[in-house]
Amino acid sequence: MNSKENIKKIIIKKPLTLDCGKTINNYPLAYETYGKLNEKKDNAILAFHALSGDQFVSGTNPITNKNGWWSYAVGPNKAIDTNKFFVICANVIGGCMGSYGPSSIDPTTGKIIGTNFPVITINDMVKAQYNLLEFFKIDKLFSVTGGSMGGMQVLQFVANYPNKTKTAIPIACTASHSAQNIALNELGRQAIMADQNWDKGNYFNTSSSPDKGLAVARMAAHITYLSKKSLEDKFGRKLQERGNLKFSFDADFQIESYLRHQGNAFVDRFDANTYLYITRAMDYFDLIKQYNGNLSNAFNNSKTKFFIISFTSDWLYPSSENKEIVIALNASGADVGFIEITSDKGHDSFLLDIPDFLKSVKNFLEINY
Amino acid sequence: MKKEFKIIAQLIESNTRVLDVGCGDGTLMKHLKDNKSIDTRGLEISKDNVQTCIGKGLAVIEGNAEKDLQQFPNLSFDYVVLSQTLQAFYNPEKVINDLLRVANKAIVTIPNFGYWKIRLHLLFKGTMPITKNLPDEWYNTPNLHMCTIKDFFNFCSKKKIKLYKSIALHEQKTSNINKVNINLKNLSSELGIFLIEN
Chain W
1 MNSKENIKKI IIKKPLTLDC GKTINNYPLA YETYGKLNEK KDNAILAFHA
51 LSGDQFVSGT NPITNKNGWW SYAVGPNKAI DTNKFFVICA NVIGGCMGSY
101 GPSSIDPTTG KIIGTNFPVI TINDMVKAQY NLLEFFKIDK LFSVTGGSMG
151 GMQVLQFVAN YPNKTKTAIP IACTASHSAQ NIALNELGRQ AIMADQNWDK
201 GNYFNTSSSP DKGLAVARMA AHITYLSKKS LEDKFGRKLQ ERGNLKFSFD
251 ADFQIESYLR HQGNAFVDRF DANTYLYITR AMDYFDLIKQ YNGNLSNAFN
301 NSKTKFFIIS FTSDWLYPSS ENKEIVIALN ASGADVGFIE ITSDKGHDSF
351 LLDIPDFLKS VKNFLEINY
Chain B
370 MKKEFKIIAQ LIESNTRVLD VGCGDGTLMK HLKDNKSIDT RGLEISKDNV
420 QTCIGKGLAV IEGNAEKDLQ QFPNLSFDYV VLSQTLQAFY NPEKVINDLL
470 RVANKAIVTI PNFGYWKIRL HLLFKGTMPI TKNLPDEWYN TPNLHMCTIK
520 DFFNFCSKKK IKLYKSIALH EQKTSNINKV NINLKNLSSE LGIFLIEN
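If you're matching them up, the sequences are chains W and B in order.
Each residue of the first sequence is one higher than the last, beginning at 1 in my numbering.
Each residue of the second sequence is one higher than the last, beginning at 370 in my numbering.
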């Protein structure tokens, strides 16, 4: 792994009072940019990452040496064309890619913060990232976009700052985390906390970290990002480098081997405590409740032009939940477009090369620019 | 742009809010937006058409009028347009009621099953009529509730829906429909265009 020292960061001096009541200041926010900010400063797009993402949207992630999480969508001549647009993405607070999070060092004690980190919310993440506008001296963004938890941040951003972006594209998300979503996140958290190495979050003091727990959390979550059909098509009952069942608990099936690989690769780049904090923030997300039971009120004052996108096979944030956002926007008289993209790749579709999806995003951005 | 859309556009006042139900590729919406400063929204069932509309910068939602009209609040538009789709719904009466809930005025166009060519087709051939406006076979047509101009005219009077304007279209020519000429227009027109009010 490469050093994280070269990551771009701003130190945010302005105090931020979190939803939990605590105030933070002088905290780092790590970010990356793609493309160039034009003179009029009207071509900036703020992209929000999802649970396991980071600020490295496109190109090669310098830390993992893998492609950025949205490489299919963001880049020169791509759906979000960096020849035209200036794309900014920050690591969320609570994250583990340079922004203020549980793996940061507390300057007063010189120790890693761990579970002394305050419980944060999607709202807190968005408020922290709003400082980027000031940093880049951007009065109004051209667009805000993101999938999954990134989409939740899009909704929160427009609710908080109704006229700070011309357009908004929330993708495969929800306005309120469902019981099923919370249940799946709790499964992941319990897997981490059940790992002895977790040690109530103080694993930094020892040489071992809760890799097994985090890997299991990632495996379970990964299943929810796929669809039954995509699993069937990709793996079926195919065996892993063997002709017959071994009558053991080794990874006989390709799907087992794949999930184990996903779990193991994840622990190399992700912090277990960050996983706890970010899933918690997602669970707490309920924009409907924030606006007293009426989601329309979240968008009443906004002139932002919305484009909502869902995927047919996404059962984690299904079309029905995305449509609730559309309904609320319509009720508030907002300018909103909606399309459900046909894809059998599940929730992960927004990260993949789905031509209809990418074309929709490109068309929407370019006609509105 | 086809004649039908030109007539619809003439019926709509500038600077209003319009919902186009079954907006297709957005031709009418774009015209209204560009030429009459109208704030338009569309509802469209076909994904391809929604893609096209989004690419034109139109605010279009993928959805089915019978299910998805519900989401629009009462009187949230000045006009709602329904072009040649009424006959394809399971419950056209409910859709009409919903249109007049969402907007005070609705423009509904109807392919006329009473047109003389259609009548002759059925009379002499004895099979379900196939015409330019109704190109599908009986077994694959999306049309469930075909009606005539006269049927719609009578429907409005029975349901106490105000018929603000009734226009017959035949080969690019328009004429007004009224109580006196309804039987003739019902025979000679391919399409009826109605501006109805609550």
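Cβ coordinates follow ideal geometry from the N, Cα and C atoms, glycine included.
Which residues, in chain order, does the segment 434-461 of chain B contribute to contact with chain W at a C-beta distance below 7 angstroms? Gln440, Phe441, Pro442, Ser445
key: CB contact flag (Leu560(B), Glu382(B), <9 angstroms)   = no
Hey, does Phe364(W) have any beta-carbon neighbour from chain B nearer than 9 angstroms?
yes
CA-CA distance, Pro28(W) and Asn6(W)?
13 angstroms
query: Residues bridged to Thr121(W) by DSSP?
result: DSSP output for Thr121(W) lists no bridge partner at all.
Since Thr496(B) is in the beta strand (DSSP E), which residue starts that stretch and which ends it? Where Thr496(B) is concerned, there is no enclosing beta strand (DSSP E), given that its DSSP letter is neither H nor E.
Original post:
At a cut of 8 angstroms, does the segment 254-265 of chain W reach the segment 213-226 of chain W through at least three beta carbon pairs?
Top reply: Touching, per the Cβ criterion.
Roughly how many whole angstroms lie between the Cα atoms of Ile182(W) and Thr115(W)? 20 angstroms
Exercise. If we ignore side chains and look at the alpha-carbon of each, how far apart do Met282(W) and His177(W) end up?
Worked result: 7 angstroms
Beta-carbon of Ala475(B) versus every beta-carbon of chain W: anything under 9 angstroms? no
**Asked** Of the residues that make up the segment 411-427 of chain B, which ones have a beta carbon closer than 8 angstroms to any beta carbon in chain W?
**Response** Lys416, Val419, Gln420, Cys422, Ile423, Gly424, Lys425, Gly426, Leu427
Exercise. Check Glu413(B) in the structure and name its three-state DSSP category.
Key: strand
Have a look at Lys229(W), Gly337(W), Ala159(W), Asp81(W) and flag the residue whose alpha-carbon is nearest the alpha-carbon of Val429(B). Gly337(W)
Exercise. Measure the C-alpha to C-alpha separation of Asn550(B) and His400(B) and round it to an integer number of angstroms.
Key: 32 angstroms
(message) Assuming His400(B) is part of the alpha helix (DSSP H), what are its boundary residues?
(response) 396-405
### Task
For Gly150(W), name the three-state secondary structure that DSSP assigns.
helix
request  = Tell me, please, whether the CB atom of Ile327(W) is closer than 9 angstroms to any CB atom in chain B?
outcome  = yes
*Residues near Phe350(W) by beta carbon distance below 6 angstroms, same chain, minus five either side*: Gly147, Ile171, Ala172
Nearest-angstrom Cα separation, counted from Pro118(W) out to Lys22(W): 7 angstroms
**Message:** According to DSSP, simplified to helix, strand and coil, what is Val216(W)?
**Reply:** helix
- prompt: Using 9 angstroms as the limit for Cβ to Cβ distance, is Ile367(W) near chain B?
  reply: For Ile367(W), a Cβ of chain B is located within less than 9 angstroms of the residue's own Cβ.
Which residues DSSP lists as bridging Tyr27(W), in chain order: Ile12(W)
| Quick one, which residues of the segment 331-343 of chain W are near chain B if we go by CB-CB under 7 angstroms, in chain order? | Ala331, Gly333, Asp335, Val336, Gly337, Phe338, Ile339, Glu340, Thr342
In angstroms, rounded to a whole number, what distance separates the CA positions of Ile476(B) and His490(B)? Ile476(B) and His490(B) have their alpha carbons spaced roughly 29 angstroms apart.
* **Same chain, Cβ closer than 8 angstroms to Leu427(B), neighbours up to 5 away in sequence not counted** => Cβ within range, chain order: Cys392, Gly395, Met398, Lys399, Lys402, Thr409, Gly411.
* **With 16 other Cβ atoms within 10 Å as the buried cut-off, status of Ser313(W)** => buried
In whole angstroms, what separates the C-alpha of Ile63(W) from that of Lys4(W)? 7 angstroms
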